[in-house]
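Numbering (the working numbering), first residue to last: 506 to 1061. Reading through the C-alpha cells given below for one structure.
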Ligand SMILES: Cc1cc2nc3c(=O)[nH]c(=O)nc-3n(C[C@H](O)[C@H](O)[C@H](O)COP(=O)(O)OP(=O)(O)OC[C@H]3O[C@@H](n4cnc5c(N)ncnc54)[C@H](O)[C@@H]3O)c2cc1C
C-alpha cells in the first residue's frame, strides 16, 4: 500500500486535499451526511471501500435478503418530495429494491460527484497543530479535513470464524455479508450453511428450494416470526403518505423508533390471563415480524413475562416442524428479543423438506473445513459449496480496522480495548471533531436504523453549524460526561433482559471481544438527552476556539 505524503500547504477550500469534512462509508448514513453538509455549504468527500454505494444493501446480496422494518418506515424522511415520490412494492422490500432506492437518492440529490468508490480509509490521525484530521486511504489518497465522520456501519465488518483448514475446501465458499454480484444457482448442488442468525433464516428457505441437498449447521437456534411479507397494498401506501409526518412523529415516540401503526402494548403479560395472552400472541403472529415483541410492555424486562412469549413461539415450532427431535433442536431457550428477532418466510417449515438436514453443533463445534466439505461431530460432510452465515464484528468492527489516532497519538483501538467508550455514541474524549453515526452508546441497531441515522446526521450537522456561528475550532466530549454516559448505558441495559444472552449486541459472537452491551436501550429518552445537551450549550462537550478552550456551557 502506498500512502502519499500529506500536503499541509494547500489552502484552497475547494481543493480535494483540504476538506471541511471526510465521511467514511457510502451507506444510508454517509449519503445523508454528505447531503446535509453540502446544504450547510461545507466541502465534504465520502470514501467508500465498495465499488458501488449502498453499504449493507450493496454487500448483503444473499438470496432472500430484505429489511425487517417495513419499507414505508425503513426509508429516509428528510425530504418530503422523496418520501412521496418513491413507491415501495412490498411490505418488506428486498435487497435489490432497497439498493435501487439508495441509488435513486444518490442521483436525485446529485451525491455521486463527492463520493470516491473503491477506496478504503486506512488511517485517520488528528493533528493538534493544525486542528485537522489527516486521512490516508488504500488508494494512496492523503487528505486533511476539519471533521472526520465515521459512517462505517454497525454491520459492515463480516465475521469469518477461524476454522481449521478454512482454505482447504475445493469448492466455492460464500459469506452472506459479502455476497457475489452474479446470481448463484444452487440447483443440483450439495450445500452446507453455517449459522442460523437473521441472514441464514432469510436465505435457508430459498437455498433449500434450489439445492439438491442443504445441511444447516446450528450453534444457537433463534426465534423467528413469519414476516407475512406481501405486495404492498396501494391503499396502505397512500394512507401512510397522506399522513407521513404523523406516522414518522409517532414512530419517534416508540421505544425502538418503529411500529406505531400497530396496536401499542397496553398491559403487562403477567397481568393477562393465559387465554388472553394466547390470543394476543396469535394476533401478533398473524401480523408478522418484529411487532410480535410489542405484544406486552414487560416482555423485555421481566423473565417470567418473556417466558410466556418464548413458549408461544416454541409451540409454533412444534406445530410446524413434523419431526419432534428437529423441532426441539430448533427451539431456542434464551430470552425472546435479547437477540434481534428474526422475520422469515417459511423458515421452520423448510426443515420438513427431505433435502434439508439440521446438524446441532452447540456442544461439538465444527472440527475443520476439509477439501471435500467439513468435519463435525466425528462425521465428514461433502459439499459442492459452503455458505458462511456467520454474521459480523458488530458496531466496532469497521472502526477497529482503521488506524484512528486522537490527541497525543492515542489509538482508538487502545482506548476501546475494554469496550467502546463514547458520549451519546456520537463522539469520544480525546478525539476532537470526530463523530460516529450510530456509534456504540446510541440506540442504533436496536431501532429502525434509518430513524437513528437521520437523528445523528441532523445532530452532527447542527453541531457543526453551531461551531461555525460561534467560531469554535474543535469539539470533543469531556471524560466525565463520557464516563457517566457509559455507566448510564450499562445501567439502562441492566434493567432489561437484553444482556442475558450471548448476542452480538454484547460482542459475544466473537471470541476475545470484550463483553459490553453496546447499544442504548430506548430511542425517545435518548433523543431527549441529545436535545437537552444542545439546549444546555453542548453540555458534556469541550468546545475550543483558536485561542481558548471553553468548558462552560456556551449559548445554544
Ligand atoms: C442483512 C441485513 C438486513 C438489515 N435489515 C435492517 C432493517 O430491516 N432495519 C434496520 O433498521 N436495519 C437493518 N439492518 C442494519 C443496516 O446495517 C442499517 O439499517 C443501515 O443500512 C446502515 O447504514 P450505514 O450507512 O450506517 O452503514 P452501512 O450500510 O453498513 O454502510 C457502511 C459503509 O461503510 C463502508 N466502510 C466501512 N469501513 C470503511 C473504510 N475504512 N473505508 C471506506 N469505507 C468503509 C462499508 O463498505 C459500507 O459500505 C440490516 C443489516 C443487515 C446486514
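All residues carry an ideal CB built from backbone N, CA and C; glycine is no exception. Please read these numbers as outputs of a predicted model, since none were measured by experiment.
Item to check | Any beta strand (DSSP E) of 3 or more consecutive residues that is wholly inside the stretch 938-995 | outcome: If we require 3 residues or more, the beta strand (DSSP E) runs fully inside the stretch 938-995 come out as 939-941 and 979-982.
Item to check | Check: residue 562 C-beta below 8 Å from any heavy atom of ligand 1 | outcome: The answer is yes for residue 562.
Checklist entry - Run through DSSP, which three-state label would residue 714 get? => result Per DSSP, reduced to three states, the secondary structure at residue 714 is helical.
Checklist entry - So is residue 633 buried or exposed if we call it buried at 16+ other beta carbons inside 10 Å? => result Per the 10 Å Cβ criterion, exposed.
Item to check | Inter-residue Cα distance where the pair is residue 706 and residue 854 | outcome: For residue 706 and residue 854, the distance between alpha carbons rounds to 11 Å.
Checklist entry - Whose C-beta lies closer than 6 Å to the C-beta of residue 644 among residues of the same chain, with five residues either side of it excluded? => result For residue 644, same chain residues with a beta-carbon under 6 Å away, outside a window of 5 residues either side, are 624 in chain order.
Next on the checklist: For a test of the three-state rule: what should DSSP assign to residue 557, helix, strand or coil?
Outcome noted: Of the three classes helix, strand and coil, the one that applies to residue 557 here is coil, per DSSP.
Item to check | First through last residue of the alpha helix (DSSP H) which encompasses residue 1036 | outcome: Note, residue 1036: alpha helix (DSSP H), 1028-1040.
Item to check | N-terminal and C-terminal residue of the beta strand (DSSP E) that residue 884 is part of | outcome: First-last of the beta strand (DSSP E) with residue 884: 884-887.
Checklist entry - Once you ignore the five residues that flank residue 831 on each side, which residues in its own chain have a CB closer than 7 Å to its CB? => result Cβ-Cβ distances below 7 Å link residue 831 to 856 and 863 in the same chain, with the five nearest sequence neighbours on each side left out; the list follows chain order.
Checklist entry - Over what stretch of residues does the beta strand (DSSP E) that includes residue 669 continue unbroken? => result No beta strand (DSSP E) contains residue 669, which DSSP labels as neither H nor E.
Checklist entry - What residue range is occupied by the uninterrupted alpha helix (DSSP H) comprising residue 524? => result From DSSP, residue 524 is part of no alpha helix (DSSP H) but of the beta strand (DSSP E) over 523-529.
Next on the checklist: Which complete alpha helix (DSSP H) runs does the stretch 536-601 hold, if anything under 4 residues is left out?
Outcome noted: Runs found: 561-564 and 585-590.
Checklist entry - Between residue 1045 and residue 987, is the Cβ-Cβ spacing less than 9 Å? => result The criterion of a C-beta distance shorter than 9 Å is satisfied by residue 1045 and residue 987.
Checklist entry - residue 1048 by DSSP, collapsed to three states: which one? => result Residue 1048: strand per DSSP, three-state reduction.
Checklist entry - Which whole-angstrom value is the C-beta distance of residue 881 and residue 891, which I expect to be below 8 Å? => result Their Cβ separation, rounded to whole angstroms, is 12 Å, which puts residue 881 and residue 891 out of contact at 8 Å.
Checklist entry - In this structure, does DSSP put residue 616 in helix, strand or coil? => result Coil.
Item to check | heavy atom of ligand 1 below 8 Å from residue 709 C-beta | outcome: Not so, every heavy atom of ligand 1 lies at least 8 Å from the Cβ.
Item to check | Completely contained alpha helix (DSSP H) runs for the stretch 771-841, where each covers 4 or more residues | outcome: Listed in chain order, the complete alpha helix (DSSP H) runs (minimum 4 residues) inside the stretch 771-841 are 779-792, 808-825 and 829-835.
Next on the checklist: For residue 636 and residue 941, what's the separation of their Cα atoms in angstroms?
Outcome noted: So the alpha carbons of these two residues sit roughly 18 Å apart.
Checklist entry - Under 9 Å, do residue 661 and residue 560 count as touching if we go by C-beta distance? => result The answer is yes: Cβ separation under 9 Å.
Checklist entry - Which stretch, first to last residue, makes up the alpha helix (DSSP H) that contains residue 752? => result Annotation: the continuous alpha helix (DSSP H) that includes residue 752 extends over 749-756.
Item to check | For residue 999, the three-state DSSP class (helix, strand or coil) | outcome: Judged by DSSP in its simplified three-state form, residue 999 adopts helix.
Item to check | Alpha-carbon to alpha-carbon, residue 679 and residue 700 | outcome: The straight-line gap from Cα to Cα measures roughly 12 Å.
Next on the checklist: Can you list, in chain order, the residues of its chain with a C-beta nearer than 7 Å to that of residue 1009? Leave out the 5 residues immediately preceding and following it.
Outcome noted: Take residue 1009, set aside five residues on each side of it, and the residues of its chain with a beta-carbon closer than 7 Å to its own are 896, 897 and 899, in chain order.
Checklist entry - Quick one: Cα of residue 525 to Cα of residue 826, how far? => result Between the alpha carbons of residue 525 and residue 826 lies a gap of roughly 57 Å.
Checklist entry - Beta carbon of residue 741: closer than 8 Å to some heavy atom of ligand 1? => result Remark: the shortest separation between the CB of residue 741 and any heavy atom of ligand 1 does not fall under 8 Å.
Next on the checklist: Tell me the rounded alpha-carbon separation between residue 956 and residue 904.
Outcome noted: Cα to Cα, residue 956 sits roughly 22 Å from residue 904.
Item to check | Exposed unless 16 or more other CB atoms sit within 10 angstroms - verdict on residue 1041 | outcome: The residue is exposed, with fewer than 16 neighbouring Cβ atoms inside 10 Å.
Item to check | Proximity test, residue 704 beta-carbon vs ligand 1 heavy atom, cut-off 8 Å | outcome: Because some heavy atom of ligand 1 lies under 8 Å away, the Cβ of residue 704 counts as near it: yes.
Checklist entry - Counting pairs of Cβ atoms below 8 Å between the stretch 766-773 and the stretch 798-807, do you hit three or more? => result Verdict: yes, contact present.
Checklist entry - Sorted by chain position, which residues of the same chain lie with C-beta nearer than 6 Å to residue 964's C-beta, five sequence neighbours on each side aside? => result The beta carbon of residue 964 sits closer than 6 Å to those of 1035, all from its chain and outside the five residues before and after it, given in chain order.
Item to check | residue 682 and residue 657 closer than 9 Å at C-beta | outcome: The answer is no: Cβ separation not under 9 Å.
Item to check | Proximity of residue 1027 and residue 1047 at Cβ, strictly below 9 Å | outcome: Contact: no.
Next on the checklist: Going by DSSP in three states, residue 680 sits in which element: helix, strand or coil?
Outcome noted: DSSP places residue 680 in the strand class (E or B) of the three-state scheme.
Checklist entry - Skipping 5 residues on each side, what residues in its chain have a beta carbon closer than 7 Å to that of residue 583? => result The answer, listed in chain order, is 537 and 959.
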